[in-house]
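What follows is a short report on a single structure.
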Amino acid sequence: MAWERITYFPYSIGTIFEGMLLLLALPACFTQEYVLRTDALLLSSKHGRGRVIRAKLAASFLFITAIVIGCWIINVAVNVGLAGWDGSAGSAGSVGAAGPAGAAGAAGAAGAAGAAGAAGAAGAVEAVEATGWAGWAGWDWPIQQLTRYASSPYAMSIWQYTLVQALTNWLGCIVFGLFILFLSARSRTYLIVFFIAGLVFALPFFIRSTSDLSMPWLMKNITFSDFMRVENIFNRPRFVNAGKWTLQLPYALFYAYMLLLAAIFTNAAYRSFKNREVI
């Protein structure tokens, strides 16, 4: 099932791979200036507190975007290639099913023909199932056809959800990258940035999902990892139990929260480096 694997990518290894790349590359953006002792020279230059910082942020945006696009291209190419481009498995199943039916028809025995007909019908079903999921086929099915989204309340086709999933994964990576840049602008060592950002990134993976408002719920939902993984936003109705009240959590709320974090971390990273005192 190609689309099952494609949509499972960010929830499994995809987000981990993207997060590790960001953790390895982005801490150097500002921290490197402190390590090389070029921060004073840079900040005392004409554009050091303006254009240079904006250029660093823009380059980081492009780097994150390239990482996400590259990961998704590999994801789609590998999984579509494994499933087959044209549903050849289904065609082979049809031919295999037709063989017994033809042989039985030639034999002329009614019982054998009936058995062959049943075999042919079973083969036809297998062929439909195979061609239904081979390669690109199934792209226009509702997302409820995907095993992990059977309880999803959203009316989207699989191809629409895949696009939403990729964009959501990208936005999550952007916010996580901006958090790393903020830490980089505040810290003089790579290791501090790596371990703090790494802890924030990895912690939600070890917290079990819950619908009760609690510290584990907050730690699971206010960080970036679950948003980067996407699945938990769309696979079922989201809500949180706060005492006697049950609060519905529409997916738009998660996007608004991520956009707010993006604005906060962009401004914080920019000002942290811009306002640094030159010694």
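Just so we're aligned: 191 in full-length UniProt numbering is position 191 of the sequence shown, and the numbers increase by one with no gaps anywhere.
Don't be surprised by glycine CBs; every beta carbon is placed ideally from N, CA and C.
Residue environment analysis places PHE182 among the buried positions, since at least 16 neighbouring C-beta atoms fall within 10 angstroms of its C-beta.
About 44 Å separates the Cβ atoms of TYR11 and GLU277, ruling out a contact at the 8 Å cut-off. From the listed residues TRP170, ASP140, LEU146 and LYS46, the smallest Cα separation to TRP159 is found for ASP140. When DSSP reads this structure, LEU247 sits in a beta bridge with VAL240. Inter-segment contact for the region 35-42 and the region 245-263 is absent: fewer than three beta-carbon pairs are separated by less than 8 Å. Taking a contact to require three or more Cβ pairs closer than 8 Å, the region 51-64 and the region 226-240 do not qualify as touching. Taking 8 Å as the cut-off, the Cβ atoms of ILE222 and PHE254 do not count as close. For GLY243, the closest alpha carbon among the candidates LEU213, PHE179, ALA137 and ALA166 is that of LEU213. Residue pairing of PRO142 in beta bridges, as defined by DSSP: SER157. Contact check for TRP217 against VAL200 fails: the beta carbons are separated by 8 Å or more. Straight-line measurement puts the Cα of LEU23 at about 15 Å from the Cα of LEU203.
Between the C-alpha atoms of ARG271 and GLY14 there is a straight-line separation of about 32 Å. Inclusion of LEU178 and ALA269 in the CB contact set at 8 Å is warranted, their separation being smaller than that value. The beta carbon of GLN165 sits closer than 7 Å to the beta carbons of THR7, PRO10 and VAL230 from its chain, once the five residues preceding and following it are set aside; these are given in chain order.
Residue environment analysis places LYS56 among the buried positions, since at least 16 neighbouring C-beta atoms fall within 10 angstroms of its C-beta.
Following the DSSP letters along the chain, one finds TYR34 inside the alpha helix (DSSP H) bounded by residues 28-35. ILE74 and TRP136 have their C-alpha atoms some 15 Å from each other. The Cβ neighbour count for ALA185, taken over all protein chains shown within 10 Å, is at least 16; the residue is labelled buried. Looking at the DSSP output, ASP212 bridges to ASN241.
Taking a C-beta distance under 8 Å as the contact criterion, ARG148 and ASN275 do not qualify as a contact pair.
TRP245 counts as exposed, since fewer than 16 other C-beta atoms from the protein chains shown sit within 10 angstroms of its C-beta.
Nearest C-alpha to SER187 among TRP3, LEU26 and ILE16: LEU26.
Taking C-alpha positions only, ILE143 is separated from ILE174 by approximately 26 Å. Non-local C-beta neighbours of GLY198 in its own chain, meaning closer than 7 Å and more than five positions away in sequence, comprise LEU23, ordered along the chain. Between PHE176 and GLY19, the C-beta spacing is below 8 Å. Cβ-Cβ distances below 7 Å link VAL52 to LEU42 in the same chain, with the five nearest sequence neighbours on each side left out; the list follows chain order.
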